[in-house]
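Beneath this line is the structure, given in structure tokens, with notes to follow.
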Amino acid sequence: MDKIEILKSKLEYLKEVSKKGYVELLDELKEISNQKTDLIVRISAKRPEVLFRNYIKDVHPYYLRDIVVKGSGARYNVSLIDALIKCVTELEEKQGSVKIYQTKGNKRIFITGGASGIGKTLVQAFAGAGNKVAFCDIDRSKGDELAKETKTQFFLADVSRVNELENCLQSLFQQWGDIDVIINNAGISKFSPLTETTIEQFDHILSVNLRPVFITSKLLAQHRSKQTNDSKNPYGRIINICSTRYLMSEPNSEGYAASKGGIFSLTHALAMSLSPLHITVNSISPGWIQNTNYEQLTEADHLQHPSRRVGHPEDIARMCLFLCEEQNDFVNAENIVIDGGMTRKMIYE
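For my numbering, count along the sequence shown from 1 and bump the result up by 13.
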């Protein structure tokens, strides 16, 4: 019995016992679950649907976790279980393909900072859609593990070191002939008091967050400029991961804010310069994206957002996939904010 069948049988069983109390249901669940007991114990009674999102994610890591219908308080109801069974059935019918991820799997993708966080989800999403994917990161262990899992190519490289980043792209040009999509995702967020921040620390943040956007874009432009009329690639995408901190700040974040503000401006400048090469350039500004321990967030964490939840890395992956659709080339030089509405919310203390 494969994972889909196992999950389906679990959900059918839960439907039968859904009228039982929350504690009793957890006791029943422990008996049929191959998930770790500590995961079950950690789940808040106020957000029981989190457990099912983890089931779905285990079966298909690119599935939209937020598609799951939310439970009511601490009680499971039949409609929730029915919705989950429907999700599983759809997964079964798709044979591992999810409707939202229908980007044609024939693109050559390079992602910086792809071993964890949003970058990892990007690697999984694009590889899961059948694209040829390579990524770089400074974490050898996580990079090797992800490359093995997704059958992608991993480069051990520090994007703040120009030669290491350039070597990644030159290697891919040689292997693939061209790169269709570059996603500049690598970034660090080191906050420190203004009076104690050194010039070297400030420069380092820029060298990781901002400068690689210029380097990768320049290399792609140079490569495309050498193509003859017969070999010119009519398709190209550059997506830069910015942040809502390009337009709002908290104390002690000067380096990070400057780097993200630079990405915002560099994006529309690059879009103008790369227009003759048919390369669109856009940035995405995520708000609060929770990469791990989502089930540990509080109700207040979620409800402060107009969308009533904290973001998932999949929220960013979906937009990247959308931008990479060939017919979406009219979206250009734009910064797309994905933050659940927080930057539009008027807040007074």
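Glycine is no exception: its CB is placed at the ideal position from the N, C-alpha and C atoms.
For residue i, three-class secondary structure by DSSP
i    : result
Q166 : strand
T210 : coil
G127 : coil
I351 : strand
G190 : coil
I254 : strand
I122 : strand
I360 : coil
G3   : Any answer about residue 3 is impossible in this case: the structure gives the chain only from 14 up to 362.
D51  : Only weak support is given to the placement of D51: the predicted model assigns it a pLDDT of 35, under 50, and the value that follows is read from those uncertain coordinates. Three-state result, D51: helix.
F215 : helix
A346 : coil
Neighbourhood of residue i by C-beta distance below 6 Å, restricted to the same chain and skipping five residues each side
i    : result
D352 : T257 and G300
G354 : P319 and S320
F215 : G268
G130 : N304
F204 : N265 and S266
K120 : N144, D193 and V194
L283 : S230 and V294
C149 : T125, F168, A170 and C181
N222 : G200 and S272
E347 : N295
N253 : N197, V226, I276, T280 and S296
R322 : H315
R60  : Model confidence at R60 stands at a pLDDT of 43, short of 50, so the residue's coordinates are unreliable and nothing is read from them.
Of the listed residues the options, nearest to residue i (C-alpha basis)
i    : options                   : result
P289 : G275, K245 and R321       : K245
R331 : L207, E209 and A142       : A142
I201 : V136, S184 and I151       : I151
K358 : G132, E209 and L316       : L316
N198 : Q240, I122, E312 and A346 : I122
I251 : L223, I196 and L260       : I196
I297 : T208, F186 and G132       : G132
Y259 : P206, G249 and T280       : T280
F186 : K155, A147 and I276       : A147
I302 : Q183, D328 and E312       : D328
Q183 : G324, L310, I228 and G118 : I228
V350 : I360, M261 and E362       : M261
P326 : G118, T134 and T311       : T134
G190 : I218, E213, K239 and K155 : K239
R224 : D243, T211 and C255       : C255
First and last residue of the uninterrupted beta strand (DSSP E) at residue i
i    : result
S197 : Note that residue 197 corresponds to Asn in the displayed sequence, not to Ser. Per DSSP, N197 belongs to the beta strand (DSSP E) from V194 to N197.
V294 : T293 to P299
K145 : K145 to D150
For residue i, the first and last residue of its enclosing alpha helix (DSSP H)
i    : result
F204 : Counting along the chain, F204 falls outside any alpha helix (DSSP H), and DSSP gives it neither H nor E.
A271 : E267 to S286
I228 : R224 to S238
L316 : E312 to L316
Close Cβ partners of residue i (< 7 Å) along its chain, the five nearest in sequence each way excluded
i    : result
A160 : Q166 and F167
S220 : S173
K164 : A140
P247 : H291
E162 : none
G274 : Y259
P206 : N265
K155 : A128 and S129
Closer than 8 Å: residue i CB and nearest the ligand PLP heavy atom
i    : result
R121 : Looking for the ligand PLP in the displayed structure turns up nothing, as the structure carries no ligands at all.
Cβ shell of residue i (< 8 Å), same chain only, five flanking positions each side left out
i    : result
G249 : D193, V194, L233, R237, L287, L290, H291, I292 and T293
E209 : none
M285 : A346
R153 : L169
At least 3 beta-carbon pairs within less than 8 Å: the stretch 291-299 vs the stretch 334-349: Yes, since at least three Cβ pairs between the stretch 291-299 and the stretch 334-349 fall closer than 8 Å, the two stretches touch.
Cβ contact (3+ pairs, closer than 8 Å) linking the stretch 169-185 and the stretch 223-243: Proximity of the stretch 169-185 to the stretch 223-243 meets the contact definition, three or more beta-carbon pairs being nearer than 8 Å.
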